[in-house]
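Going down the list, the protein sequences come from chains A and B. Taking the working numbering, the leading residue of the first sequence gets 1, the next gets one more, and so forth. Taking the working numbering, the leading residue of the second sequence gets 1, the next gets one more, and so forth. Backbone N, C-alpha and C define an ideal beta-carbon position, used for all residues, glycine too. Nothing here was measured: the structure is a model prediction, and the numbers come from that model. Remarks on the structure that follows.
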Amino acid sequence: MRAKLEKILSQVTIETLEKLAFMFAFTNEGEESYPTGPMSVASVSFTGPFSGTLVMMISTEVLQELTFNMLGLEEEAEITEDQRYDALKETMNIICGNLLPAIAGDEVVFNIDVPRILPKDIEVKKGAGFPDEREPSARVNFDLDEGQCSLILFLNGRIPEDIVLL
Amino acid sequence: MAINILIVDDSGVMRAMILKTLRMAQVPLGDIHEAENGQKGFDLLDQQWVDLVIVDINMPVMNGEEMLDRMKENLEMKDIPVIVISTEGSKARIERLEHKGAVFIHKPFSAETVRDTINDILGFGDNDESQT
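This is how it looks when you write it as structure tokens:
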């Protein structure tokens with residue numbers, strides 16, 4: 001189950017970053033640690049046939065590039081923290097919106113909350129500081145030219161048996 | 001013919017992305033109006049001539065579907081073409097929007113998809129000189 005979820009999470013994230021911001025991410029399969037150095041963290045919760053929270057940790061350099069590319073700006077341009085956070089929240093919204101039907105199909109209905117930015121000093125080990133101290137249901141680390149990002153999925157309970165992972 | 005477009009999305013970055021995409025797709029742009037929720041979008045439609053509305057679904061204050069419903073109840077707005085650009089993945093919800101007359105584009109989107117959709121709903125042909 002975890003391996004399938006991580007494969008889907010990986011595919012959706014890679015496709016979203018490429019289509020949304022022309023950024024190419026590669027799964028870092030051997031790496032257990034989270035991104036290091038300055039980073040931003042955002043989360044988005046969802047309810048439906050199953051519920052949970054998706055968290056994204058993204059290094060500052062990757063978020064900077066993501067924002068530039070989404071806005072179509074040259075690198076000399078000035079961007080604000082609000083724009084970076086807006087870009088991160090929109091990216092989270094798109095990844096989550098594509099992840100859920102990729103997991104459960106398009107016959108079911110999910111409600112996705114507004115993404116939110118988490119405090120910078122959040123404790124990230126073993127999910128502490130996220131929805132609770134559960135182990136993630138899936139976690140994928142990515143390498144990009146500018147740095148790293150991680151996507152971490154926490155599910156509340158199990159996926160119902162009538163949901164067949166696609 | 002330049003087209004006046006209203007872009008409604010609670011994300012300023014996404015509104016900028018949509019505008020960038022319209023330019024990349026060489027859509028003949030007239031006046032571009034922006035709103036951060038359905039209520040502001042609806043109010044703007046009351047004041048400005050708009051040929052096409054591009055709207056997100058999940059927004060605070062008034063979501064995109066409510067805005068679409070209110071447009072359909074208004075004699076002066078009911079025939080304005082609407083494109084919904086959203087992450088919505090539920091087939092039932094997408095079909096409900098389509099039954100209300102909207103055309104659905106899924107996020108993330110390409111410039112080609114936006115261009116082709118606009119060409120289809122506004123009746124621009126491949127040889128339309130207005131697009132060159």
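- Here residue 140(A) is near residue 6(A), since their CB atoms are less than 8 Å apart.
- Going by C-alpha positions, residue 99(A) is about 25 Å away from residue 99(B).
- The beta carbon of residue 36(B) lies closer than 7 Å to those of 10 in the same chain, with the five residues before and after it left out.
- Residue-level contact by beta carbon fails for residue 160(A) and chain B, as no gap is shorter than 8 Å.
- Assignment of beta strand (DSSP E) within the region 80-107 of chain B, counting only whole runs of 3 or more residues, yields 82-86 and 103-106 in chain order.
- Considering only 97(B), 50(B) and 75(B), the residue with the shortest C-alpha distance to residue 56(B) is 97(B).
- Here the alpha carbons of residue 40(A) and residue 77(A) stand approximately 20 Å from one another.
- Boundaries for residue 109(A): no beta strand (DSSP E) harbours it, and the DSSP string shows neither H nor E there.
- By alpha-carbon distance to residue 2(B), the top candidate from 103(B), 49(B) and 107(B) is 49(B).
- Under the three-state reduction of DSSP output, residue 119(B) falls in the helix class.
- Following the DSSP letters along the chain, one finds residue 142(A) inside the beta strand (DSSP E) bounded by residues 138-144.
- For the pair residue 38(B) and residue 8(B), the CB atoms are nearer than the 8 Å cut-off.
- Taking C-beta atoms under 8 Å as the contact rule, residue 111(B) and residue 21(B) qualify, at a distance of about 5 Å.
- For residue 72(A), no beta strand (DSSP E) encloses it, and the DSSP letter there is neither H nor E.
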